[in-house]
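Below: one structure, written as structure tokens.
Residue numbers (my numbering): 114 to 483.
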């Protein structure tokens, strides 16, 4: 891919560019695609001057050009995904499926990503695969003279001997950071897993942000919680796996009316965030403006519309990530010299050991969630 200046637009236009790879006598065209949701799935500052446009007409055009340049095969590699039934091949829905259905210039294979799911299907006559995530599987597509075949195979880590040279490099890298990674932080009483939309680990992280930012309420997005926390000793390394993005904390001073309005956004459907400092009763099927039925702060008080409250967010949310920015509603914005991981480390290390998970429920649904 390449970013080109769009002088008349005053922005940088994100272009999908092709690559032609020669493998002996074989020529393979490769086209890279980023999800159109990128502006809300990464920090706003990462893509501030980029536009993400519909990739279908661009890929159609590039496929024709690659074929004209002699490509024997054209492969799309996309950071866009789908979800299927457990077999990975039936009832598949999502951005990459829609993309494949809309292509007018067929490609030979689509390698998808982003959703960390098993995809092993055919759409519009084209193989579409996704090998789960984190190196737990790999995909094999045979594009020989016969009909294409495809498979997603799970990785069995002890089935092959490690490559000696790579293993040596890994050992060296691990040794260099061992003193930091292995540093004990806390003892965890029971394993904390990311199950459902609200879970103890997410609540602990929200509590840590509120404590570090000294706020009335803190909210963290579920997408930023990247691993489970196992019972026993929690090290800096295991906590880094949970929060690896180094998101900086923001403290926003807002009115009670603005806080309630923000909570309305969060519960427009099943909340995909965790909260600290408040218990929210809601009905996501209710009309806009009346979804939030009740809010009780940690003090037991309700929100006063004219009151002022401090809200702690990470920079991803504060700058509009997941479409959950505050749209200029803050009376005051402070960028704190605190990273989310450091907040979690400090919080866990100062709790009574072993750390017990919070048992409370902070988003209480009434009615039938949409």
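Where is the CB? At the ideal position from N, CA and C, for every residue including glycine.
Consult DSSP for residue i and reduce its assignment to one of helix, strand or coil.
{"i": "residue 267", "result": "strand"}
{"i": "residue 378", "result": "helix"}
{"i": "residue 450", "result": "strand"}
{"i": "residue 179", "result": "helix"}
{"i": "residue 255", "result": "strand"}
{"i": "residue 203", "result": "coil"}
{"i": "residue 122", "result": "Legend: pLDDT at residue 122 = 44, less than 50; position of this residue unreliable, no value from coordinates given."}
{"i": "residue 435", "result": "helix"}
{"i": "residue 314", "result": "helix"}
{"i": "residue 389", "result": "strand"}
{"i": "residue 273", "result": "coil"}
{"i": "residue 455", "result": "helix"}
{"i": "residue 396", "result": "coil"}
{"i": "residue 417", "result": "coil"}
{"i": "residue 489", "result": "Coverage of the chain is limited to positions 114 through 483, which leaves residue 489 absent and any answer about it impossible."}
{"i": "residue 464", "result": "coil"}
{"i": "residue 116", "result": "Residue confidence for residue 116 is low, a pLDDT of 39 falling below 50, so the modelled location carries little weight; the figure read from the coordinates is stated next. Residue 116 falls in the strand class under three-state DSSP."}
{"i": "residue 128", "result": "With a pLDDT of only 48 at residue 128, under 50, the local geometry of the prediction cannot be trusted, and the value read off the model is given with reservation. It is a strand residue."}
{"i": "residue 319", "result": "helix"}
{"i": "residue 479", "result": "coil"}
{"i": "residue 373", "result": "helix"}
{"i": "residue 324", "result": "helix"}
Are the beta-carbon atoms belonging to residue i and residue j less than 8 Å from one another?
{"i": "residue 318", "j": "residue 457", "result": "yes"}
{"i": "residue 165", "j": "residue 176", "result": "no"}
{"i": "residue 186", "j": "residue 142", "result": "yes"}
{"i": "residue 425", "j": "residue 326", "result": "yes"}
{"i": "residue 477", "j": "residue 394", "result": "yes"}
{"i": "residue 420", "j": "residue 368", "result": "yes"}
{"i": "residue 434", "j": "residue 157", "result": "yes"}
{"i": "residue 145", "j": "residue 210", "result": "no"}
{"i": "residue 355", "j": "residue 339", "result": "yes"}
{"i": "residue 510", "j": "residue 225", "result": "Because the chain spans 114 through 483 in this model, residue 510 falls outside it and cannot be assessed."}
{"i": "residue 179", "j": "residue 133", "result": "yes"}
{"i": "residue 568", "j": "residue 195", "result": "Outside the shown range of the chain, which is 114 to 483, sits residue 568, and nothing can be said about it."}
{"i": "residue 359", "j": "residue 452", "result": "yes"}
{"i": "residue 254", "j": "residue 274", "result": "no"}
{"i": "residue 248", "j": "residue 228", "result": "no"}
{"i": "residue 363", "j": "residue 265", "result": "no"}
{"i": "residue 201", "j": "residue 153", "result": "no"}
{"i": "residue 310", "j": "residue 335", "result": "yes"}
{"i": "residue 375", "j": "residue 454", "result": "no"}
{"i": "residue 297", "j": "residue 348", "result": "yes"}
{"i": "residue 67", "j": "residue 365", "result": "Since the displayed the chain opens at 114 and closes at 483, residue 67 lies outside it and no answer follows."}
How would you write the range of the alpha helix (DSSP H) that residue i sits in, first residue to last?
{"i": "residue 491", "result": "Lying before the first or after the last residue shown, residue 491 is absent from the chain, which here runs from 114 to 483."}
{"i": "residue 216", "result": "Looking at the DSSP string, residue 216 is not in any alpha helix (DSSP H), and its letter there is neither H nor E."}
Name the two residues that bound the continuous beta strand (DSSP E) containing residue i.
{"i": "residue 294", "result": "Run containing residue 294: none in the beta strand (DSSP E); it sits in the alpha helix (DSSP H), 277-294."}
{"i": "residue 233", "result": "231-236"}
{"i": "residue 409", "result": "405-410"}
{"i": "residue 299", "result": "297-301"}
{"i": "residue 471", "result": "Element bounds for residue 471: n/a, residue is neither H nor E."}
{"i": "residue 240", "result": "239-244"}
{"i": "residue 192", "result": "186-192"}
Within 8 Å of any Cβ in chain C, is that where the Cβ of residue i sits?
{"i": "residue 217", "result": "No chain C appears in this structure, which consists of one protein chain only."}
Between residue i and the ligand FMN, is there a pair consisting of the residue's CB and a ligand heavy atom that are separated by less than 7 Å?
{"i": "residue 139", "result": "No copy of the ligand FMN appears in this structure; indeed no ligand is present at all."}
Run through the segment 327-366 for me and flag every whole beta strand (DSSP E) of 3 or more residues, listed as ranges in chain order.
-> 330-334 and 345-348
Contained alpha helix (DSSP H) runs [length at least 4] in the segment 140-177, N- to C-terminal order = Whole alpha helix (DSSP H) segments, 4+ residues: 151-154.
Can you find at least 3 beta carbon pairs, one from the segment 338-350 and one from the segment 304-314, that sit closer than 8 Å?
-> yes
Please confirm if the segment 323-330 is in contact with the segment 381-398, defined as three or more CB-CB distances below 8 Å between the two stretches.
-> The answer is yes - the segment 381-398 touches the segment 323-330, with three or more Cβ pairs under 8 Å.
Give a yes or no on contact between the segment 429-438 and the segment 395-415, applying the rule of three or more CB pairs nearer than 8 Å.
-> no
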